[in-house]
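Note sheet for the following structure.
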Amino acid sequence: MTAPLPGTVQDVRQAPESPAVGAFFDFDGTLIAGYSAADFSKSRLRSRQVSVGEVLRLLAFTVEAAAGRAHLADMLSLNARSWQGKTHEEMQELGRQLFESSIGKRAFPEMRDLVREHLRRGHTVVLTSSATSYQIEPMAAVLGVEHVVCTRLEVVDGVLSGKVLGTAPWGPGKADAVQVFASEHGIDLAQSFAYADGDEDVPLLHLVGHPRAVNPGGRLSAVARRRGWPVLALTSRSSGSNLQMKARNIIGTAGIVPAAALGVAVGVAKGSKRAGVDVGYPAWVDLLLGVNGVTVEALGVANAHADRPCMFVHNHLTNFDSFIVTKVVRGGVSGVGKKEIGKNPVGALLGWALDAVMLDRDDTAKAIEQMQPLVDRLREGVSLAIAPEGTRSKTGELGPFKKGAFHVAMQAGVPIVPVVLRNADVLGPSSATMMRSGTVQVAVLPAVPTTDWTAKTMGAHVAAIRQQFVDTLHDWPTEL
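Using the working numbering, you'd call the opening residue of the sequence shown number 4 and step up by one each time.
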């Protein structure tokens, strides 16, 4: 058996299942692309909370830094003073808001997977950074990480005093803090892992038996090469060349024109709009994904074609999920969209071509009535692809399944075919409108018959299918 690649989920699974194994994750540049402090600074600028005195202090700090006379402690002190007078609750709320609006979207999905695998192995996971608790703790809460070693700002009677508590965990200070933590929690550093991106993190990586350099540059890259440390090169959230990415997306989207022409020609020749769509739409998806450098690795493709018509259900991570599903299931499939999609010319065209059912989610009173066209599509022999979570997952975690799609399948008497998307969010965060390049893994599970389902047993059936998603995502198959 081939040894797992260091820095992967499979690599983590080789470690003992024990809380004595630590997993120390840096935050800025490692768990997320970019720096969370910039989000906090932009927030202050937008709210016009920056005083003339603070601007002058910042300019003075910049001059000192250029001359090599400024240190991290000076920067942290400057930042601490800028938040003086804010309440602890206000800062916690600001941290949550910025996590939702920007910081969380820059989380590397590959790193989230590593955190979660360490947690599954029972390892003691620690987020360790010189960033403040307000920057880090929202991410820790989402990932289910209990331990955070970071910079703490002094709070007096619920209000920030403008001072930093103790020494910031940065450079050798971070290594010292990790050693103290390991001693207090019974961590065996020789069996432990550390993930970091900065030159200042070299002392931390030297501490552990399994150092992992994440997108390293400068000194860390050189040390990693010399020491033979594994390097994780992540691009799913890095800025890259935005101009190049935009160009690829524009070219890929424009590919709908020749693909539509092909579909029209086929439709006219065969006297069937559906025949044309079944050729034209998959052709455009192939072009769109190919131009954008997207590879789809699919298992169980035969399951996507064995029982038609059927209800394909897939987990929902990004705006691009339907393209990934189409790449695998190909033609003969329609779907569901929000009524608002019709306001977009491309969305309106696709909705018309695919005979997609556009739902008004604000009109809950007519929810059952709106489902009838879906039943009709299935009875006409057209399969459907629906995301039963309803909304895109912001954290990569599988959300609750709504029952609508399953009721439709039961009424039409067609099977459910689970389509599990493992990592579609490497193409971009949940709200991204531009597609990044990357490799997406898909597993099409065997069809689940609905012929013996009843309204009373529906809940149990939906729960069982959702569990199939959970199990597949946790232990990805090698074949189906």
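Each residue gets a CB set at the ideal place from its N, CA and C atoms; glycine is no exception. Computed from a prediction, not measured in an experiment: that's the story for all the values here.
Item, Value
"On the DSSP letters alone, give me the boundaries of the alpha helix (DSSP H) that residue 271 sits inside.", "259-273"
"Do residue 280 and residue 296 come within 8 Å of each other at the CB atom, strictly closer than that value?", "no"
"I'd like the ranges of any beta strand (DSSP E) spanning at least 3 consecutive residues and lying wholly in the stretch 182-237.", "196-199 and 213-217"
"Let me know the secondary structure DSSP gives residue 444 once reduced to three states.", "strand"
"So residue 237 packs on residue 111, CB below 8 Å; how close in whole Å?", "5 Å"
"Below 8 Å, can you find three or more Cβ-Cβ pairs linking the stretch 402-417 to the stretch 296-307?", "no"
"Helix, strand or coil for residue 15? Go by DSSP, reduced to three states.", "helix"
"Report the residue from 126, 472 and 289 whose alpha carbon sits nearest the alpha carbon of residue 259.", "289"
"Could you name the residues that DSSP lists as bridge partners for residue 421?", "316"
"Where do the ends of the alpha helix (DSSP H) carrying residue 280 lie?", "276-294"
"Mind checking which residues open and close the beta strand (DSSP E) that includes residue 388?", "386-389"
"Go ahead and pull the three-state DSSP assignment for residue 396.", "coil"
"In its own chain, which residues sit with a C-beta less than 7 Å from the C-beta of residue 436, not counting the 5 before and 5 after it?", "322"
"According to the Cβ coordinates, are residue 339 and residue 292 closer than 8 Å?", "no"
"How about the stretch 134-149 and the stretch 454-467: do they share at least three Cβ pairs that are nearer than 8 Å?", "no"
"Taking the CB atoms as reference points, tell me whether residue 429 and residue 317 lie closer together than 8 Å.", "no"
"Helix, strand or coil for residue 459 per DSSP?", "coil"
"Taking just the CA atoms, how far does residue 254 sit from residue 196?", "42 Å"
"Following the continuous beta strand (DSSP E) through residue 404, name the residue where it begins and the one where it ends.", "Taken as a continuous stretch (DSSP letters only), residue 404 belongs to no beta strand (DSSP E), as it is neither H nor E."
"Going straight from the alpha carbon of residue 134 to that of residue 169, what length do you get?", "13 Å"
"Using the C-alpha atoms, what's the distance from residue 420 back to residue 469?", "12 Å"
"So residue 425 and residue 483 are supposed to be a Cβ contact under 8 Å. How far apart are they, rounded?", "Their Cβ separation, rounded to whole angstroms, is 13 Å, which puts residue 425 and residue 483 out of contact at 8 Å."
"Any idea what DSSP makes of residue 308, helix, strand or coil?", "helix"
"Is the stretch 164-182 in contact with the stretch 83-95, if contact means three or more CB pairs nearer than 8 Å?", "yes"
"Let me confirm a value: residue 273 is counted as buried when at least 16 other C-beta atoms fall within 10 Å, else exposed. Which label applies?", "exposed"
"Rounded to a whole number of angstroms, what is the C-alpha to C-alpha distance between residue 224 and residue 113?", "20 Å"
"Start and end of the alpha helix (DSSP H) containing residue 117?", "112-123"
"I'd like to know whether the C-beta atoms of residue 99 and residue 146 end up nearer to each other than 8 Å.", "no"
"In terms of DSSP beta bridges, what is residue 300 paired with?", "444"
"Does DSSP put residue 79 in a helix, in a strand, or in coil?", "helix"
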